[in-house]
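Below: one structure, written as structure tokens.
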Ligand code: 3PG
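Residue numbers (our numbering): 1 to 210.
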């Protein structure tokens with residue numbers, strides 16, 4: 001399923017990590033990010049509006065590739081998949097979430113930090129992983145040191161990444177993309193500043209992998 005996930009992300013360097021408080025913001029936000037060059041987005045299940053937001057974006061925003069984030073258990077995995085999520089992101093790796101993913105066509109991007117967690121993920125057949133929380137756990141230097149022992153494993157670091165440090169990660173051979181909330185700040189979403197968000201997305205979309 002890694003190939004499926006990679007083809008959905010289609011080389012996009014930054015995956016917006018989004019928290020939607022009001023479902024009416026979901027469609028204009030997804031459209032603004034797509035216009036700015038970031039069609040693949042992660043809507044986190046951190047608000048009551050999340051599942052409805054995923055449903056709406058899946059139904060109404062053809063140009064978007066909507067994923068679900070902050071999936072903590074099998075029930076949430078199933079709800080997110082049913083709502084139309086094309087991919088699912090979890091902050092960590094548990095047997096329950098792995099089992100839910102293995103019974104589903106929707107690819108899972110699970111979070112890890114340690115070598116032991118990476119080995120557990122690899123045993124479950126997962127070789128594209130979220131490194132979270134990236135900055136707090138040791139940053140690009142930590143991630144770089146994982147490249148040699150774990151040659152076949154690739155990462156999407158998220159947590160504390162912004163326009164200032166995204167390049168440090170994208171320059172690493174074991175990093176495919178980064179995730180972050182900086183392209184859709186809460187205040188701009190609340191204010192309905194879609195043009196501002198589009199501009200942030202456009203900047204981020206230029207951060208190509210070398
Ligand atoms: C995530 O779940 O990926 C993070 O909460 C995003 O982290 P950020 O808000 O520091 O970008």
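Glycine residues also receive a C-beta, built at the ideal position from the N, C-alpha and C atoms.
Residue 176 has its alpha-carbon roughly 27 Å from the corresponding atom of residue 28.
With a cutoff of 8 Å on beta-carbon distance, residue 125 and residue 110 are scored as not near each other. For residue 179, same chain residues with a beta-carbon under 6 Å away, outside a window of 5 residues either side, are 15, 17, 156 and 158 in chain order. For residue 16, the beta-bridge partners assigned by DSSP are 180. Cβ-Cβ separation between residue 80 and residue 68: approximately 4 Å, consistent with a contact (criterion under 8 Å). With 5 Å as the limit between CB and the heavy atoms of ligand 1, the residues that fall short of it are 17, 158, 159, 160, 179, 180 and 181.
Per DSSP, the unbroken alpha helix (DSSP H) holding residue 120 starts and ends at 115-123. Residue 118 holds the alpha-carbon nearest to the alpha-carbon of residue 132 among 122, 118 and 123. Sixteen is the threshold: when 16 or more other Cβ atoms of the shown chains lie within 10 Å of the Cβ of residue 130, as they do, the residue is buried. Ranked by how close their Cα comes to the Cα of residue 48, the residues 63, 62, 26 and 32 have 26 in first place.
For residue 27, the enclosing alpha helix (DSSP H) covers residues 26-35.
Following the DSSP letters along the chain, one finds residue 111 inside the beta strand (DSSP E) bounded by residues 108-112.
In the DSSP assignment, residue 88 falls within the unbroken beta strand (DSSP E) covering 87-90. Between residue 87 and residue 6, the beta carbon gap of about 10 Å keeps them out of contact (Cβ cut-off 8 Å). For residue 6, the three-state secondary structure derived from DSSP is helix. Between the alpha carbons of residue 11 and residue 191 lies a gap of roughly 30 Å. Residue 128 has its alpha-carbon roughly 12 Å from the corresponding atom of residue 90.
Each of 141, 72 and 51 was checked against the Cα of residue 96, and the nearest Cα belongs to 72.
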